[in-house]
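Residue numbers (this note's numbering): 1 to 441. Think of the CB as a built atom: it goes at the ideal place given N, C-alpha and C, for glycine as much as any other residue. Because the structure is a prediction, the values reported are computed rather than measured.
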Ligand code: HEM
């Protein structure tokens, strides 16, 4: 009798795991990370600076330090290796940064029609023969790998190069989300591949860099950031459309204004940066006798900023971006114009729109999987050829159940691997050691 009761209880607890365990594990992970990382960061918005001064502080002339002096940088450098010291995002201001940023701008300066055609061509290739259940991020990675390759080399992307780029980008984003460890051999293979092709890049590379530094720069900005960000942004956008059939239908039939609002709302709900940090290079007077000393680490919290000012911040509502009031919304998907915003802020929405049209012209999208900002499930979705019958309810129920159970296992993996990687990054101190070496006479 007692055994039967215990067995029933155990079965009930087991069956309920997907509904409570992943949330608890995420909370525990945050706690562990904070413990290991310490509390050097000042959250913005937060107790010290409210949401109304978010942009002002982000754009402050003293909020310009990028990496040096922040323990948090060791973590980012760990995830972005190899060559994190050459990644544009993490270079300190100066001649080297200017040269790298100039090269990135030159590579991204593609006429709009050309960029759209390039994105469409790669979408058509990636979508050929695909149907049924997919993971949107996995579907998008080879597409943007080929796109980035042609941006850089202006020549067709050989399948071998596409595979290397997609494997590198996937490895970086998987580690960033603590769903897997880094595979440096995979990343180094791409570096070697790029080293053999530096003379074929279609614009002059930044002068004064060694070939290895040039390869690392390209790998960081174009074969890591560009591919990861566009794949993640598209996975969020298509998940959002899959969850909102009316908005999907309007995007399929309607003009670009609706689709642009959906893209803006998707980036508001799911900003690709959780936190971007800056290290102050001089004291910052906050008024009222409060002064932030030089060397303070400011952590700009994009999701908190995007939620502020809305009565229903979590609701998907593209009409927020209709009308003149839209420009006053707390919305900074590509960063602050005055402080190193995204150099692809002009190009990214254009090519995302082109690829979305290619997808919606072929498929109806449906999903019942969970959709969070970090998207560790990589966006499970059903792609149904247009005109095919809608998805069976049973298929959606199966997808939901499978996603929930995967969540249980995944959250435990993230806890263990995340804790290990944060510890390992603190041990290696890639950023701190780099600047210590540079400071030696
Ligand atoms: C939808 C896609 C994208 C989004 C939402 C996005 C978002 C952002 C944001 C918010 C920042 C500023 C972070 C900060 O203030 O520290 C940034 C910086 C950056 N992004 Fe993007 N990005 C996207 C696509 C791309 C692409 C396609 C590239 C291609 C090269 C790119 C390259 C960079 C670089 C190099 C920086 C650092 C800029 C600097 O420090 O000078 N991003 N991005």
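Assign residue i to one of three DSSP states: helix, strand, or coil.
i	result
residue 254	coil
residue 326	helix
residue 43	strand
residue 135	strand
residue 318	helix
residue 22	helix
residue 69	coil
residue 345	coil
residue 334	coil
residue 64	coil
residue 390	coil
residue 142	helix
residue 411	helix
Near residue i, which residues of its chain fall below 7 Å by C-beta distance, leaving aside the five closest residues on each side in sequence?
i	result
residue 350	112, 115 and 116
residue 142	126, 162 and 166
residue 430	74, 77, 78, 81 and 84
residue 205	103, 198 and 214
residue 236	266, 270 and 375
residue 178	414, 417, 418 and 421
residue 49	57 and 286
residue 41	72, 277, 297 and 299
residue 228	169, 172 and 173
Classify residue i as buried or exposed, calling it buried when 16 or more other Cβ atoms lie within 10 Å of its own Cβ.
i	result
residue 160	exposed
residue 144	buried
residue 232	buried
residue 25	buried
residue 281	buried
residue 462	Only positions 1 to 441 of the chain appear in this structure, which leaves residue 462 out of reach.
residue 3	exposed
If I follow the unbroken beta strand (DSSP E) through residue i, where does it start and stop?
i	result
residue 277	275 to 279
residue 287	284 to 287
residue 301	297 to 301
residue 290	290 to 292
residue 365	363 to 366
residue 380	380 to 385
Got a sec, what are the start and stop residues for the alpha helix (DSSP H) residue i sits in?
i	result
residue 431	430 to 439
residue 159	159 to 176
residue 216	211 to 220
residue 229	227 to 243
residue 191	184 to 195
Using C-beta distances below 8 Å, list every residue in its chain close to residue i, excluding the 5 sequence neighbours before and after it, in chain order.
i	result
residue 51	45, 304, 305, 308, 309 and 330
Less than 6 Å between C-beta atoms, sequence neighbours within five positions excluded: which residues of the same chain meet that for residue i?
i	result
residue 302	271 and 273
residue 279	65, 69, 70 and 297
residue 290	none
Does the pairing of the stretch 330 to 339 with the stretch 198 to 214 give three or more beta-carbon distances under 8 Å? Fewer than three beta-carbon pairs drawn from the stretch 330 to 339 and the stretch 198 to 214 are found closer than 8 Å, and the two stretches are therefore not classed as touching.
Tell me whether the stretch 165 to 179 and the stretch 265 to 275 touch, counting them as touching only if at least three CB pairs, one residue from each stretch, are closer than 8 Å. no
Three CB pairs or more closer than 8 Å across the stretch 349 to 368 and the stretch 287 to 301: No, the stretch 349 to 368 is not in contact with the stretch 287 to 301.
Check whether the stretch 376 to 383 touches the stretch 132 to 141, taking contact to mean three or more Cβ pairs, one atom from each stretch, closer than 8 Å. As far as the Cβ criterion goes, the stretch 376 to 383 touches the stretch 132 to 141, which means the pair count is three or higher.
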